[in-house]
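Line order of the protein sequences matches chains A and B. Each residue of the first sequence is one higher than the one before, starting from 0 at the first, in numbering that gives the first Met the number 0. Each residue of the second sequence is one higher than the one before, starting from 0 at the first, in numbering that gives the first Met the number 0. Using N, Cα and C, we set each Cβ at its ideal position, and we do this for glycine too.
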Amino acid sequence: MASPLEQFEIHTYAPLKLGGIDVSFTNASLFMLIAVAGVAVFVLGGTRRHALVPGRWQSMVELSYDFIAGIIRETIGTEGRRYFPLVFTLFMFILFTNMLGMIPYSFTVTSQIIVTFALASLVFIGVTILGFAKHKMHFFSFFVPPGAPIAMWPLLIPIEIISYLSRPISLSVRLFANMLAGHTLLKVIAGFIYSLSFFGILPLALVVALTGLEILIAFLQAYVFAILTCLYINDALHMH
Amino acid sequence: MPQLLPQFYSSQLVWLTITFVLLFVVMWKIALPRVSAILTTRQERMEQDLERATSLKSEADEVMDAYQSELNASRATALEALKAVQEKAADEAAARNSELEATLATELTKAEARIAESRESALASIGAIATELAGAAVEKLTGEAASAATMDAAVKSVEGSQA
């Protein structure tokens, strides 16, 4: 029987090299393209009619727009509008790659640590640049908790710096681990269906239930990623 | 674990960059402005419609007010006209009544005069008849005719006692 981790293997479809770097077209690349195409078709297709009274499809697009706009309004405020395209793209990309991964025999792009780490790094580096651009050297005062006595600074500042630097790790590992654990668990339990023959009906029921849970998690992790991005942007703009 | 094989990192990073940047640009430049345009248009349209409804309502109220005042004015005019007509009719009726009364009064006096005349004449002729009748009675009773002068005097004395 195949290992539960086999689903995370990268298969190269077309080997490509560019300046000594491997840029082969793989199943990961394919599912990134499918996700991007899916998001584009969803949003552009839903708004193709510019209907004053939206149909079902356009309502879904407007709903996702309002959803992200609401998160930004609540966490950052009105000045967060500038970051709306980035947060929306992050949310939709992660949501679609997570959901695509729920289709049997598909590939989950977000179960690759390098992908989630790249996305988290994009947020981390972007937010750090934003903080320094907005507050110049004052941004370092972000690492000093407000109201803390000076005697505590030598202890608190390293903690704050470590917690700040661990943001990209927690952000990427949270998404990666959720996807990895969920898909591995599904695969392991699905393996029991075959080996238990008749009583395989029990793990089958469990797999059905867990699939529902995984769909919820797929959405939830996209939401968590988006809301944490907003919180980090808010920290950079307003500090504490 | 396949995720920890670094030989696949470069291709995933490159493809992630390509696809993510592509999606970001499409969302940023095309898709999201479209959605926001739809939402803004709807908001504006709703505000416009509400505004138009308010203005139409105030217009309708104005028309209603004008109609009411017009109606009140017409009603007042109508009442006035009616009163005038009634007064005129009453005047005319009174005039005709008095005229009729006057005519009736003259007719009455004329009739009274006629009655009095005929009564007078009847009374006058009674004397002559009485004299004649008395003469005839006296002749029958006495066998001789009484003189006319004596008869008149007798009749007149009777009339005088009766009157």
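Give me the Cβ distance between residue i and residue j, rounded to the nearest whole Å; I'm assuming they're in contact under 8 Å.
i, j, result
"M31(A)", "V108(A)", "6 Å"
"F141(A)", "M59(A)", "No, F141(A) and M59(A) are not in contact; Cβ-Cβ is about 38 Å, not under 8 Å."
"P1(B)", "L4(A)", "6 Å"
"G123(A)", "R166(A)", "The amino acid at residue 123(A) is misidentified as Gly; the sequence shows Phe. With 8 Å as the limit, F123(A) and R166(A) qualify as a contact, their Cβ atoms being about 6 Å apart."
"V126(A)", "A221(A)", "Not a contact, Cβ separation roughly 19 Å."
"G76(A)", "M178(A)", "31 Å between Cβ atoms; not a contact."
"Q11(B)", "I20(A)", "Incorrect: roughly 12 Å between the Cβ atoms, too far for contact."
"I226(A)", "T115(A)", "Going by Cβ atoms, the distance from I226(A) to T115(A) rounds to 16 Å, so no, they are not a contact pair."
"A59(B)", "L43(A)", "That belief does not hold up - the Cβ atoms of A59(B) and L43(A) are roughly 44 Å apart, past 8 Å."
"E138(B)", "A144(B)", "5 Å"
To the nearest angstrom, how far is the alpha carbon of residue i from that of residue j?
i, j, result
"G37(A)", "S105(A)", "14 Å"
"E46(B)", "R55(A)", "24 Å"
"A27(A)", "F191(A)", "28 Å"
"T11(A)", "L3(B)", "16 Å"
"L185(A)", "K133(A)", "46 Å"
"F218(A)", "R51(B)", "43 Å"
"A39(A)", "R48(A)", "15 Å"
"F198(A)", "A204(A)", "11 Å"
"I128(B)", "E100(B)", "41 Å"
"S156(B)", "T149(B)", "11 Å"
"G130(A)", "I70(A)", "20 Å"
"G142(B)", "A135(B)", "10 Å"
"A65(B)", "I37(B)", "42 Å"
"P202(A)", "R44(B)", "55 Å"
"V24(B)", "I17(B)", "11 Å"
"E78(A)", "A50(A)", "28 Å"
"N97(A)", "V187(A)", "19 Å"
"A68(A)", "I200(A)", "44 Å"
"R72(A)", "E8(A)", "39 Å"
"A88(B)", "L81(B)", "10 Å"
"S63(A)", "W27(B)", "15 Å"
"M151(A)", "I128(A)", "28 Å"
"S124(B)", "A93(B)", "46 Å"
"V84(B)", "S57(B)", "40 Å"
"Y193(A)", "I93(A)", "32 Å"
"L122(B)", "K109(B)", "20 Å"
Measuring alpha carbon to alpha carbon, tell me which residue in the options is nearest residue i.
i, options, result
"E159(A)", "F139(A), I216(A) and L17(A)", "F139(A)"
"N233(A)", "E5(A), T46(A), F83(A) and V40(A)", "F83(A)"
"T25(A)", "S9(B), R113(B), A136(B) and E58(B)", "S9(B)"
"Y163(A)", "S120(A), L219(A) and A147(A)", "S120(A)"
"D151(B)", "T102(B), L132(B) and G142(B)", "L132(B)"
"C229(A)", "S2(A), D21(A) and F87(A)", "F87(A)"
"A208(A)", "L51(A), A189(A) and L89(A)", "A189(A)"
"A34(A)", "V206(A), I102(A) and G181(A)", "I102(A)"
"A117(A)", "P1(B), S120(B) and L15(B)", "L15(B)"
"R33(B)", "G45(A), Y222(A), W152(A) and I70(A)", "G45(A)"
"F66(A)", "R166(A), S171(A), F90(A) and E78(A)", "F90(A)"
"P14(A)", "Q220(A), F7(A), S23(A) and G79(A)", "S23(A)"
"F95(A)", "M136(A), F41(A), H182(A) and V223(A)", "F41(A)"
"L174(A)", "L29(A), S194(A) and I216(A)", "I216(A)"
"Q57(A)", "S35(B), E98(B) and A112(B)", "S35(B)"
Helix, strand or coil: how does DSSP classify residue i here?
i, result
"Y12(A)", "strand"
"I20(A)", "strand"
"T107(A)", "coil"
"T46(A)", "coil"
"E143(B)", "coil"
"I216(A)", "helix"
"S165(A)", "coil"
"V35(A)", "helix"
"I75(A)", "coil"
"V52(A)", "coil"
"M178(A)", "helix"
"A148(B)", "helix"
"P1(B)", "helix"
"P202(A)", "helix"
"F144(A)", "As written in the sequence, residue 144(A) is Pro, which differs from the Phe given in the question. P144(A): coil per DSSP, three-state reduction."
"V102(A)", "Correcting the residue identity first, residue 102(A) is Ile in this sequence and not Val. Coil, per DSSP."
"M45(B)", "helix"
"L55(B)", "helix"
"P3(A)", "coil"
"M59(A)", "helix"
"L132(B)", "helix"
"L195(A)", "coil"
"M151(A)", "helix"
For residue i, which residues does DSSP report across the bridge?
i, result
"T25(A)", "T11(A)"
Let me see if you follow: with CB-CB separation under 7 Å, is residue i close to chain D or not?
i, result
"Q2(B)", "The displayed structure is made up of protein chains A and B, and chain D is not among them."
Kindly examine the ligand FMN and report whether one of its heavy atoms sits closer than 6 Å to the Cβ of residue i.
i, result
"A115(B)", "In the structure shown, the ligand FMN is absent, as is every other ligand, since no ligand is present at all."
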